[in-house]
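Notes to accompany the following structure.
In the numbering used here, the protein residues as written are 148 to 250.
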């Protein structure tokens, strides 16, 4: 997707907010730092929904590294985890070059 913005027409304060948003959204972080991020950070970045974030917190997942140590067959055991949530988690892992644990 290509987006074109005439930045000169945007007020300076809005430009700064736009810059911050784009930086946070598209800036790539070192893998180690990403592995330590908690679900709230992925929610803030728009990678997961509030529902998925809350479900991950309810089962005490505190980082992407912990999440990658689960098998996709583990999640249906937890209350509230359906196919949509599982797909969202799988997409999150794939986005950062990870996958579910294979038994």
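We put the CB at the ideal spot given by N, CA and C, even for glycine.
Query	Result
Which of helix, strand or coil DSSP assigns to residue 150	coil
Buried versus exposed, by CB contacts within 10 Å (16 or more), residue 165	exposed
Between the CA atoms of residue 157 and residue 203 - distance to the nearest angstrom	38 angstroms
Buried versus exposed, by CB contacts within 10 Å (16 or more), residue 150	exposed
Where the alpha helix (DSSP H) through residue 158 begins and ends	Careful: residue 158 lies outside any alpha helix (DSSP H) and carries neither H nor E.
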